[in-house]
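Accompanying notes for the structure given below.
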Amino acid sequence: MVATADALSLYFKSLGDDGVLNPTADGTLICEHHEDWALIEGTVAEIVSGKHREPSRGPFSTYKQLLDEGGVSHLYQRWVALGRGQTCRLVTSGGLSNEGAKVTSVCVRLKLDPNENDSELAEIVSAVARVLNELDSAATATDADARAFLASLSIQDGLPRRDHLPDMAGRSYGLPVAERLGRPDAAEAIWQAVLSLVRARMRAAGPSVGGALPTVLGTPHDDLLAPRTLLLADIDVAVRVGLSHVAGYAPLPRVVKANRMAIKMARGGCNDNSIERADELRLQYRRYIRALRSNPSTRDRQGVVTNLLLRVVDEASRAVQNDSAEWGDALWAELDRRFRAMEGTSGAHGLSADLLLGGASELADRCRAWFTDRFDAQSELTRLKEGGIAS
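According to the working numbering, the sequence shown is numbered sequentially starting from 3.
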């Protein structure tokens, strides 16, 4: 997806203030050939490596992690093979620390002053050269080679994770183009239209030179790069299609169940299957409570069970609550785990794990339990009903 952001950036640079593409612009995106993708504009070229890194792996903190897992060593190999004349870039969702951060700092410093050579910088350059040779037995990188490579390298770290990109890409990457064209409402459509072209090029599924024409006279069509190449003209066509069909690219609204429990779970990040299960268990729990109330000898047990449910929900919430991310789905899983561990013990008061989970769902519907920070669930439910999104 970051390649699509690069394609839109290349396109944005070539748009005039009036929203017309500069007829002399000749930017090109080539996918999965020299590297993950390459950008070419006139005589200037840049090869790019994209690396997703799960948060659980932590930042790139050593030279070896950055060069090996971060793909910088492979970038160096391609930089050498292509004649050392192009710039290089690493884009990653991972962060940088310690030695990884030092490499980025050196890249910036060498761009500003290629001749800078204090002892700290020289030590980092030597370490990079050493690790390049360790990772590739065929490499013969000298300190001078490493210095020239680092001067050509840019590192963009801490990019959005790939599971977050779909929700923010239109707003972050499509909107600048949409505003330049005077159609801020088309940001998502522009992003989706160009993304579809980039995905095809990543699979070498773009238009070929010869199409379906057969090979004749023993000379095949030159299709090595054509299916992987995206021209500014192609991007412009996709953008104009997006502008003309904004509604067609709009995501379908998620329809949620029309009760407070479902609204809370959906806002907390729970999937539709979990919400359906919670709703069914909630109804089973209601039937159980009605049976308790109908019998004078068991009527008092409802208060005992409610206190149990409130305690477990409180403890589970404190175990999973996260200020920087949705935690409703984690709470649902934690409640399921805790209730299953209680099933068959005296602490469950004779209730199955499913009935206990249904009880927690009923608490949520009565606004006594939450899968997010507190909000006006009734007003949100009313709004969604009026918009036809809750049913």
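C-beta: ideal position from N, C-alpha, C; glycine also.
Query: is_contact[residue 56, chain D] using C-beta, thresh 8 Å; Result: Protein chain content of the structure displayed is limited to a single chain, and chain D is not contained in it.
Query: Proximity of residue 197 and residue 189 at Cβ, strictly below 8 Å; Result: no
Query: Opposing strand residues paired with residue 382 [DSSP bridges]; Result: None, per the DSSP bridge assignment.
Query: Residues that DSSP places opposite residue 53 in a beta bridge; Result: 94
Query: Any 3 or more C-beta pairs closer than 8 Å across the stretch 143-157 and the stretch 70-87; Result: yes
Query: Cβ shell of residue 288 (< 7 Å), same chain only, five flanking positions each side left out; Result: 364
Query: Stretch-stretch touch, CB-based, cutoff 8 Å, three pairs: the stretch 78-98 with the stretch 109-126; Result: no
Query: Pair within 8 Å by beta-carbon distance, residue 337 and residue 321; Result: no
Query: Rounded separation between residue 295 and residue 380 - CA only; Result: 27 Å
Query: Helix, strand or coil at residue 231 according to DSSP, with G and I counted as helix; Result: strand
Query: Neighbour-count burial assignment, residue 341, 16 or more Cβ in a 10 Å radius; Result: buried
Query: For residue 62, three-class secondary structure by DSSP; Result: strand
Query: Backbone secondary structure at residue 323 - three-state DSSP; Result: coil
Query: Alpha-carbon spacing of residue 115 relative to residue 18, whole angstroms; Result: 33 Å
Query: Proximity below 8 Å, CB of residue 141 to CB of residue 134; Result: yes
Query: Assigned secondary structure, residue 156 (DSSP; H/G/I helix, E/B strand, else coil); Result: strand
Query: N- and C-terminal bounds of the alpha helix (DSSP H) containing residue 5; Result: 4-15
Query: Same chain, Cβ closer than 7 Å to residue 145, neighbours up to 5 away in sequence not counted; Result: 127, 128 and 131
Query: Sub-8 Å separation of residue 367 and residue 263 beta-carbons; Result: yes
Query: Reduced DSSP category for residue 124 - H, G, I as helix; E, B as strand; rest coil; Result: helix
Query: Residue 22 (DSSP reduced to helix, strand or coil); Result: coil
Query: Reference residue 310, options 61, 355 and 280, closest by Cα; Result: 355
Query: Closest by C-alpha distance to residue 35, when choosing among 21, 67, 205 and 63; Result: 205
Query: Secondary structure of residue 81, DSSP reduced to three states; Result: helix
Query: Pairwise C-alpha distance: residue 86 and residue 112; Result: 16 Å
Query: Residue 313 versus 284, 286, 244 and 370, residue with shortest Cα-Cα distance; Result: 370
Query: Residue 286 and residue 244 closer than 8 Å at C-beta; Result: no
Query: Where residue 308 falls: helix, strand or coil (DSSP); Result: helix
Query: Whether residue 234 touches residue 13 by CB criterion (8 Å); Result: yes
Query: Residues that residue 48 bridges to, as DSSP identifies them; Result: 41 and 89
Query: Cβ pair residue 44, residue 28 closer than 8 Å; Result: yes
Query: Short Cβ contact (8 Å threshold) for residue 179 with residue 241; Result: yes
Query: Selected residue, minimal CA-CA separation from residue 207, among 32, 277, 348 and 384; Result: 32
Query: Proximal residues to residue 109 (C-beta, below 8 Å), its chain only, five neighbours per side dropped; Result: 152, 153, 155, 156 and 157
Query: Same chain, Cβ closer than 7 Å to residue 148, neighbours up to 5 away in sequence not counted; Result: 127, 130, 131 and 134
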